[in-house]
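**Student:**
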Amino acid sequence: MHPQDSPSNRPTPVSADTREANQRQDHFGSREAIWLFGYGSLIWKADFAYRARRPALIEGYARRFWQGSHDHRGTPEAPGRVATLIHQPGSRCLGMAYLIGPEVLAPLDLREKNGYLRERVTLHFLDNDLADNDQPDVDDPLDDDGLTTARTAEGLVYIAGDANPAYLGDASDDSIAEQIAHAHGPSGPNSDYLLHLADALHAMGGEDDHVFGLATALRRRMRQAATHPATTD
108 MHPQDSPSNR
118 PTPVSADTRE
128 ANQRQDHFGS
138 REAIWLFGYG
148 SLIWKADFAY
158 RARRPALIEG
168 YARRFWQGSH
178 DHRGTPEAPG
188 RVATLIHQPG
198 SRCLGMAYLI
208 GPEVLAPLDL
218 REKNGYLRER
228 VTLHFLDNDL
238 ADNDQPDVDD
248 PLDDDGLTTA
258 RTAEGLVYIA
268 GDANPAYLGD
278 ASDDSIAEQI
288 AHAHGPSGPN
298 SDYLLHLADA
308 LHAMGGEDDH
318 VFGLATALRR
328 RMRQAATHPA
338 TTD
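The sequence shown lines up with residues 108 to 340 when you count with the working numbering.
1. Does His-317 come out as helix, strand or coil in the three-state DSSP assignment?
2. Work out the CA separation of Glu-184 and Ile-266 for me, nearest whole Å.
3. Does the Cβ of His-194 have 16 or more other Cβ atoms within 10 Å, making it buried, or fewer, making it exposed?
4. Specify the secondary structure class of Met-203 as computed by DSSP and reduced to three states.
5. Can you have a look at Asp-178 and say buried or exposed, based on whether 16 or more other CB atoms are within 10 angstroms of its CB?
6. Quick test of your reading: Tyr-223 and Thr-125, contact by CB under 8 angstroms. State the CB separation rounded to the nearest angstrom.
7. If contact is defined by three or more beta carbon pairs under 8 angstroms, each pair taking one atom from either stretch, is the segment 149-169 in contact with the segment 195-206?
8. Identify the continuous alpha helix (DSSP H) that holds Ser-298 and give its terminal residues.
9. Could you check whether the segment 315-331 touches the segment 268-284, counting it as contact only if at least three pairs of C-beta atoms, one from each stretch, sit closer than 8 angstroms?
10. Going by C-alpha distance, which of Asp-154, Gly-262 and Leu-254 is nearest Thr-229?
11. Here's a check: name, in chain order, each residue in its chain whose Cβ is nearer than 6 angstroms to the Cβ of Gly-145, leaving out the five neighbours to either side.
If you want it as C-alpha cells, here you go:
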C-alpha cells in the first residue's frame, strides 16, 4: 500500500510558482537559439513558436506521473497528476526537441510555473534527417552552427523535483488513474493529458511501461464507469 495513494494525504500548496527562479537563469548567453526537450504535453501540444522540431531522447531519466497539477489539469482543491522526470541510471526518456529563441522562455516559464525548474541536459536526436521534412536554409546562420543537423546537443528541460510543494510522489497505477479520471482544470480533463501522451509515444514507436500502464488502468476504469454508471436515488 502506497502512503500517497490519496491526493488528500498531501496538503494543497500555497504556491509552487517557479517563474522567478527560472528567470534568474541565463541559459542562452550569446546564443540566439537553444533546444528544449519536451516529454509530457509538450510532445503533442507545442503552443509556442519554434524553429525546428526533432524526436530525441535523454539518458538517465524516467518519466513519472508524480507531479500535482493545480493550475492546468486540476485545481488546488482537486489536483490532477502530470509528468515529471526522476533520475534513474540506465533509463532513457523519449520526447520531442524544439529549437527555440529566447523570447519563448517567458511563456514557457508561465506554462511550467507549478513547480518546474529548467535544467540542462544532453539531447540525443533520433532522426536521420530533419523532422517534419524541413530542409535547412543554407543561408541560415543556425545551420552554420549545426543546430538543426547535429546528432547530440545541449538543451533545456523543465523538471519538477520532489522538493517542490506540488509534488505528489509515487502511488499505485489504479490510484493514479482514479485521481486522473476525476481531475479537471482550465486546460481540460486530466484524462486527456495522459491518453494524448500515451498515443503520442505509441506513434513515435516509444516504450514507457509507466505511461502505458497508467493509460491501460485509466481506460479500464473508463470502460467500467460506462458499463456501470453511477446512479442517484
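Using N, Cα and C, we set each Cβ at its ideal position, and we do this for glycine too.
**Tutor:** Answer, in terms of the structure:
1. Residue numbering aside, residue 317 sits at position 210 when the sequence shown is read from its first letter. Here His-317 sits in helix by DSSP.
2. By 1-based counting over the sequence shown, the position of residue 266 is 159. By 1-based counting over the sequence shown, the position of residue 184 is 77. Going by C-alpha positions, Ile-266 is about 23 angstroms away from Glu-184.
3. Taking the first residue of the sequence shown as position 1, residue 194 is located at position 87. So His-194 ends up on the exposed side.
4. As a first step, residue 203 must be located in the sequence shown, where it is residue number 96. Three-state DSSP puts Met-203 in a strand.
5. Position 71 of the sequence shown, counting from 1, holds the residue named residue 178. The residue in question, Asp-178, is buried, as its Cβ has 16 or more Cβ neighbours within 10 Å.
6. Taking the first residue of the sequence shown as position 1, residue 223 is located at position 116. Taking the first residue of the sequence shown as position 1, residue 125 is located at position 18. So it is a contact: roughly 6 angstroms between Cβ atoms.
7. yes
8. Translated into positions along the sequence shown, residue 298 becomes position 191. Ser-298 -> alpha helix (DSSP H) spans 297-310.
9. yes
10. Position 122 of the sequence shown, counted from the start, is the residue given in the question as residue 229. Checked all of Asp-154, Gly-262 and Leu-254; the closest Cα to Thr-229 is Gly-262.
11. To locate residue 145, count along the sequence shown from 1; it is residue 38. Correct list, in chain order: Gly-202 and Met-203.
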